[in-house]
Amino acid sequence: NAGVTQTPKFQVLKTGQSMTLQCAQDMNHEYMSWYRQDPGMGLRLIHYSVGAGITDQGEVPNGYNVSRSTTEDFPLRLLSAAPSQTSVYFCASSPTPGGGQETQYFGPGTRLLVL
Amino acid sequence: GQQLNQSPQSMFIQEGEDVSMNCTSSSIFNTWLWYKQDPGEGPVLLIALYKAGELTSNGRLTAQFGITRKDSFLNISASIPSDVGIYFCAGQMYNNNDMRFGAGTRLTVKP
Numbered sequence: 001n002a003g004v005t006q007t008p009k010f011q012v013l014k015t016g017q018s019m020t021l022q023c024a025q026d027m028n029h030e031y032m033s034w035y036r037q038d039p040g041m042g043l044r045l046i047h048y049s050v051g052a053g054i055t056d057q058g059e060v061p062n063g064y065n066v067s068r069s070t071t072e073d074f075p076l077r078l079l080s081a082a083p084s085q086t087s088v089y090f091c092a093s094s095p096t097p098g099g100g101q102e103t104q105y106f107g108p109g110t111r112l113l114v115l
Numbered sequence: 001g002q003q004l005n006q007s008p009q010s011m012f013i014q015e016g017e018d019v020s021m022n023c024t025s026s027s028i029f030n031t032w033l034w035y036k037q038d039p040g041e042g043p044v045l046l047i048a049l050y051k052a053g054e055l056t057s058n059g060r061l062t063a064q065f066g067i068t069r070k071d072s073f074l075n076i077s078a079s080i081p082s083d084v085g086i087y088f089c090a091g092q093m094y095n096n097n098d099m100r101f102g103a104g105t106r107l108t109v110k111p
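For the record, the sequence lines run as chains A and B.
With the numbering used here applied, the first sequence covers 1 to 115.
With the numbering used here applied, the second sequence covers 1 to 111.
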């Protein structure tokens with residue numbers, strides 16, 4: 001198994017540009033989520049999904065969209081990038097929706113710089 | 001939202017020393033978790049705690065779920081150079097998909 005994969009590893013955007021961060025897992029996990037990590041702030045949940053076709057907002061959802069058309073993929077879209085979205089983005093998955101997040105597996109991260 | 005206060009922010013210790021870090025919250029959590037993150041990688045789960053008062057070990061690591069359910073600590077005994085990294089606490093409320101993370105403790109171990 002490849003686990004949780006994320007692409008790209010690095011990205012530089014100009015303010016106002018849009019892009020999609022890709023996340024895929026091959027473990028047949030129901031639960032997937034996106035976090036951003038900023039210096040001194042730990043990880044903050046952006047959006048999550050408890051299964052295909054179901055998504056919900058986390059702590060910091062503004063400026064981001066997600067969709068979950070398949071169990072394997074959970075892309076994160078930035079519609080109009082802003083410098084405040086400069087961060088490291090982590091995708092995670094776990095076998096169980098709802099309670100049970102503790103078995104989350106994290107991807108390697110995508111480093112995004114918005115100029 | 002719930003705030004997790006993790007301390008200390010950073011630690012510089014000598015190889016072989018013991019380490020202790022903790023997390024406190026104004027909110028009650030049903031699960032406390034401790035993760036380690038190496039540079040350029042995602043966090044990896046070290047220990048999960050599910051019951052107030054629970055004390056769990058994983059090798060040289062020991063973590064406890066506070067009785068008030070508002071705090072947790074992580075101890076590392078006899079530190080080694082590969083313990084270097086950032087340690088995060090995380091709390092999750094019952095039946096809630098939202099997990100909150102502390103700001104992290106950056107550990108440096110000098111050989």
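Heads up, the beta-carbon is just placed ideally off N, CA and C, and yes, glycines get one too.
Predicted, not measured: the structure shown is a model, and the values here were computed from it.
| Asked | Found |
| --- | --- |
| So, does the CB of B:F29 fall closer than 9 angstroms to a CB anywhere in chain A? | no |
| Exposed or buried, what is A:Q25 when buried is set at 16 or more other beta-carbons lying within 10 Å of its beta-carbon? | buried |
| Residues in its own chain within less than 6 angstroms of A:F10 by CB, not counting five upstream and five downstream? | R111 |
| Would you please verify whether the beta carbon of A:L13 is less than 9 angstroms from any beta carbon of chain B? | no |
| If A:G58 sits next to B:D83, beta carbons under 8 angstroms apart, how far is it from one beta carbon to the other, in whole angstroms? | So it is not a contact: roughly 30 angstroms between Cβ atoms. |
| Helix, strand or coil: which one does DSSP assign to A:T103? | helix |
| Which residues in chain B sit within 9 angstroms of A:P108, going by Cβ to Cβ distance? | G40, E41 and G42 |
| What does B:A63 reach in chain A if we use C-beta pairs closer than 8 angstroms? | In chain order: nothing, as chain A lies at least about 12 angstroms away. |
| Would you mind listing the alpha helix (DSSP H) stretches within the region 53 to 100 of chain B that are 4+ residues and don't spill past its ends, in chain order? | none |
| Please classify A:S116: does DSSP put it in a helix, a strand, or coil? | Here chain A comprises residues numbered 1 to 115, so residue 116 of chain A is not present and cannot be evaluated. |
| Does the contact criterion of 3 or more C-beta pairs under 8 angstroms hold for the region 72 to 86 of chain B versus the region 13 to 24 of chain B? | yes |
| Any beta carbon from chain A within less than 9 angstroms of B:F73's own beta carbon? | no |
| Below 6 angstroms CB to CB, which residues in the same chain sit around B:K110 once its five sequence neighbours on both sides are set aside? | Q14 |
| Using a Cβ-Cβ distance under 9 angstroms, would B:L107 count as near chain A? | no |
| Considering just the uninterrupted stretch of the beta strand (DSSP E) at B:L4, what are its terminal residues? | L4 to S7 |
| Let me check understanding here. Comparing Cα to Cα, which of A:A2, A:T7, A:K14 and A:Q6 lies closest to A:A82? | A:K14 |
| Helix, strand or coil, according to DSSP, for A:D73 in the structure here? | strand |
| The beta strand (DSSP E) spanning A:F10 covers which residue range? | F10 to L13 |
| If we ignore side chains and look at the alpha-carbon of each, how far apart do A:G122 and A:N65 end up? | There is no way to answer for residue 122 of chain A, as the model of chain A reaches only from 1 to 115. |
| Using a beta-carbon distance cut-off of less than 7 angstroms, what residues from the region 60 to 81 of chain A approach chain B? | none |
| Under 9 angstroms between the Cβ atoms of A:V50 and A:E30? | yes |
| Could you check what DSSP says for B:K36 in three-state terms: helix, strand or coil? | strand |
| Distance check for A:P8 and B:W32, CA to CA, integer angstroms please. | 31 angstroms |
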